[in-house]
Amino acid sequence: RKNMSRGEEILSEFLENIDRYIKSLHLGVVEENQNISKLLNFQFSDFEKLTATECGSAAYQLYAYAEYIETEKAKQKNILEWAESSIWFIISGTLDQYGDKFTKWQVKYYPAIKENPLASEILKIKNNAESRVRTLEGKCERVMKMADVLNNLSRKKY
């Protein structure tokens with residue numbers, strides 16, 4: 002935890018708790034597969050060369066990769082929700098300093114964060130998690146469709 006900001010330390014503890022929970026349920030974790038890039042970039046001529054068994058194997062790898070993507074997306078959503086609730090917890094007591102009861106919360110939100118170093122650190126974490134979730138949106142479904150194509154091709158080759 003050397004060179005970590007306070008916000009990163011708190012996030013790390015949060016993620017470690019989730020990891021312990023996952024391990025306690027004996028949920029298998031899909032590891033990153035270096036072969037996936039090749040499968041994702043198959044050309045039509047590559048499909049013709051595959052046997053039925055190879056199509057099935059490639060489909061299975063893509064299904065596993067879809068699980069990997071979904072797990073990573075869930076992790077980023079957890080970080081996003083953690084960051085959002087943490088920020089609100091930190092700044093809730095000071096929001097009234099940035100306007101009266103008629104001032105919209107959006108107007109008070111960023112000045113309150115700006116004045117608090119921990120909230121500012123967590124806002125950066127939140128913004129990163131938000132962009133990662135957007136990057137992963139729909140990717141699992143597209144990979145599943147690719148796996149379905151290979152699965153169907155496998156059946157046709159038998």
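Heads up: the sequence shown runs through residues 2 to 159, numbered per our numbering. Glycine residues also receive a C-beta, built at the ideal position from the N, C-alpha and C atoms.
Residue i in three-state terms, based on DSSP
i     : result
GLU32 : coil
TYR99 : helix
ASN4  : coil
Between the CA atoms of residue j and residue i - distance to the nearest angstrom
i      : j      : result
ALA130 : THR136 : 10 Å
PHE90  : SER13  : 18 Å
ASN152 : LYS76  : 28 Å
ARG156 : TYR69  : 25 Å
TYR110 : ILE126 : 16 Å
GLN44  : ILE11  : 45 Å
GLU33  : LEU81  : 22 Å
VAL144 : PHE103 : 48 Å
Sequence-distant residues of its chain with Cβ nearer than 8 Å to residue i (five each side left out)
i     : result
VAL30 : ILE23 and THR72
Contacting residues, own chain, Cβ-Cβ under 6 Å from residue i (five flanking each side not counted)
i      : result
ALA113 : ILE92, THR95, LEU96 and TYR99
Opening and closing residue of the alpha helix (DSSP H) in which residue i lies
i      : result
SER132 : 118-137
LYS109 : 106-115
ASN79  : 53-92
Integer Cβ distance of residue i from residue j, believed to fall under 8 Å
i      : j     : result
ILE37  : TYR64 : Incorrect: roughly 11 Å between the Cβ atoms, too far for contact.
ILE88  : LEU51 : Going by Cβ atoms, the distance from ILE88 to LEU51 rounds to 50 Å, so no, they are not a contact pair.
LEU119 : GLY8  : 6 Å
8 Å Cβ cutoff, residue i in contact with chain C
i      : result
GLU116 : Protein chain content of the structure displayed is limited to a single chain, and chain C is not contained in it.
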